Ligand code: PHE
């Protein structure tokens with residue numbers, strides 16, 4: 004194969020948008036966004052996060068799709084096509100392959116919890132229980148090594164099953180089913196939230212900016228999350244872009260993906276915070292917010308069982324359409340660069356992600372006290388390594404490459420598919436050359452403690 008021959012392409016633009024939006028929308032939107040919003044005080048944080056997405060995330064997404072589409076190869080091969088065969092820039096691709104693989108390994112653990120919660124909700128496990136009992140359910144789940152590893156494995160089996168079908172047979176077809184379903188479910192939960200007595204408090208919390216709450220860390224947290232939530236810096240969008248045809252309008256595609264992603268995060272927040280306030284719970288309870296709080300809220304609501312099942316189904320679906328994009332990055336690398344078969348590559352990498360993820364799954368039980376990684380558990384360490392360092396670094400190098408070094412980027416028609424938008428290239432160029440790398444440099448310097456006294 005080695006990148007020769009006809010390469011698969013998305014069957015339709017809609018299929019691409021659904022698949023790419025499916026990658027972007029995941030645990031980041033529904034699990035992480037609400038809890039970091041809660042921790043960072045709401046409104047002002049949300050505002051900064053939105054600005055970061057538009058000024059940094061959007062131009063980098065366009066750059067990744069641009070690189071992928073021009074290269075028509077896996078994330079590593081793209082750079083060999085755009086530059087010389089042995090170009091050093093291939094390290095951006097390798098970095099992305101490593102990041103998305105590592106990300107998949109622990110993402111599957113959290114997604115596995117969600118699988119478990121679907122069943123717990125379906126069996127009515129949350130009904131008629133006190134808040135403490137429901138809180139304890141999460142502890143019971145994560146403290147059982149067998150249970151957590153079983154669900155982690157099940158999630159990876161589902162991921163492998165979809166990716167084996169290939170770009171058109173698998174990813175695109177499933178995204179067409181999963182994404183609209185996700186939207187419907189969220190809309191329902193959102194309306195439920197708006198009808199709850201906490202609607203006003205929830206809306207105020209999310210949209211009333213109190214800039215006194217905006218610490219420098221919150222500001223830089225928001226920028227970091229912009230990468231995570233848009234699937235940037237992990238070569239995902241390079242890989243998905245490589246299945247795009249040359250005439251695609253990257254601006255409008257990226258804008259649509261970004262808007263869908265923002266909408267889901269805001270909908271998730273607006274579904275969660277009203278019920279948090281109505282029930283008198285704390286918005287800043289941390290990563291447990293979804294798993295420990297939502298079932299409590301549902302347990303006291305009419306049709307709570309059904310809504311809880313819907314919610315965790317939604318979370319699992321969202322995680323699945325993200326995990327398939329993580330796996331696709333390394334699978335397409337083996338297929339395009341090493342000439343492996345898709346089936347074998349997918350099985351091997353899925354199996355490897357399972358093994359590498361086991362210490363993450365055990366970080367909440369057997370290995371909870373095993374913290375040689377800067378005092379963190381394996382899960383916390385890999386999570387921080389990928390989210391705080393590898394993704395922003397990947398995004399930084401993409402921006403530097405596209406803004407300063409890639410000659411082929413300097414074409415207006417490449418960005419807008421030949422539509423006449425003379426302002427587009429100059430605006431994008433300033434963002435990708437100065438604003439995006441500058442902002443990422445700030446995030447990374449903050450992460451390594453540069454700004455701490
Ligand atoms: N964007 C996904 C989410 O929000 C996570 C992800 C990051 C997926 C990087 C692929 C690559 O859950």
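Residue numbers (my numbering): 4 to 456.
Quick reminder that beta carbons are idealized off the backbone N, C-alpha and C, glycines included.
Every value quoted in this text rests on a predicted model; they were computed, and no experiment measured them.
- DSSP places residue 410 in no alpha helix (DSSP H); its state is neither H nor E.
- Under DSSP, residue 379 forms a beta bridge with 376.
- Judged by pairs of C-beta atoms under 8 Å, the region 384-394 touches the region 95-114, as three or more such pairs exist.
- Closest by C-alpha distance to residue 124, out of 392, 313, 337, 368, is 313.
- Not one heavy atom of the ligand PHE sits closer than 7 Å to the Cβ of residue 241.
- Within the region 251-337, the complete alpha helix (DSSP H) runs of at least 4 residues fall at 253-281, 297-302.
- Excluding residues up to 5 positions away in sequence, 235, 240, 241, 244, 401 lie with their Cβ nearer than 7 Å to the Cβ of residue 67 in the same chain.
- The beta carbons of residue 247 and residue 20 sit about 11 Å from each other, so the pair does not count as a contact at 8 Å.
- In the assembly as shown, residue 328 is a buried residue. Its beta-carbon has 16 or more other beta-carbons within 10 Å.
- Residues with their Cβ less than 6 Å from any non-hydrogen atom of the ligand PHE, running along the chain, are 26, 27, 29, 30, 31, 32, 103, 106, 231, 232, 234, 237, 239, 325, 328, 329.
- A distance below 7 Å between beta-carbons, with the five flanking residues on each side excluded, links residue 58 to the following residues of its chain, in chain order: 434, 438.
- Residue 451 is classed as exposed because its beta carbon has fewer than 16 other beta carbons within 10 Å across all chains shown.
- Spatial neighbours of residue 360 in its own chain (CB-CB distance under 7 Å, excluding positions within 5 residues in sequence) are listed in chain order as 108, 109, 111, 112, 155.
- Under the DSSP assignment, residue 242 falls in the alpha helix (DSSP H) whose first and last residues are 239-244.
- Of the residues 446, 449, 428, 350, the one whose Cα lies closest to the Cα of residue 160 is 350.
- Taken in chain order, the unbroken stretches of alpha helix (DSSP H) that lie wholly in the region 54-126 and span 4 residues or more are 61-74, 78-85, 93-125.
- With respect to the 8 Å criterion, residue 198 and residue 271 are not classified as neighbours on the basis of their beta carbons.
- Between residue 301 and residue 292, the gap from beta carbon to beta carbon reaches 8 Å or more.
- CA-to-CA, the gap between residue 186 and residue 321 works out to about 10 Å.
- Taking a C-beta distance under 8 Å as the contact criterion, residue 78 and residue 332 qualify as a contact pair.
- Here the alpha carbon of residue 169 sits roughly 40 Å from the alpha carbon of residue 378.
- Within 10 angstroms of the beta-carbon of residue 249 lie fewer than 16 other beta-carbons, which makes it exposed.
- Selection 394, 447, 88 evaluated against residue 74 yields 88 as nearest (Cα-Cα).
- With respect to residue 315, residue 146 sits apart: the two C-beta atoms are not nearer than 8 Å.
- Shown here, residue 220 sits in a helix according to DSSP, grouped into three states.
- Between residue 38 and residue 228 the beta-carbon gap is near 11 Å, outside 8 Å, which marks them as no contact.
- Judged by DSSP secondary structure, residue 360 falls within the alpha helix (DSSP H) whose first and last residues are 345-364.
- Apart from the 5 residues on each side of it in sequence, residue 86 sits with its Cβ closer than 6 Å to the Cβ of 92 in its chain, given in chain order.
- Taking C-beta separations shorter than 7 Å and ignoring five residues to either side along the sequence, the partners of residue 81 in its chain run 70, 71, 74, 96, 241, 245, following chain order.
- Here the alpha carbons of residue 141 and residue 365 stand approximately 15 Å from one another.
- The residues 77, 242, in chain order, have a CB closer than 7 Å to that of residue 335 in the same chain once the five nearest residues on each side in sequence are set aside.
- Remark: C-beta atoms of residue 261 and residue 420 do not approach each other more closely than 8 Å.
- Counting along the chain, the unbroken alpha helix (DSSP H) around residue 141 starts and ends at 134-145.
- For residue 166, the enclosing alpha helix (DSSP H) covers residues 148-167.
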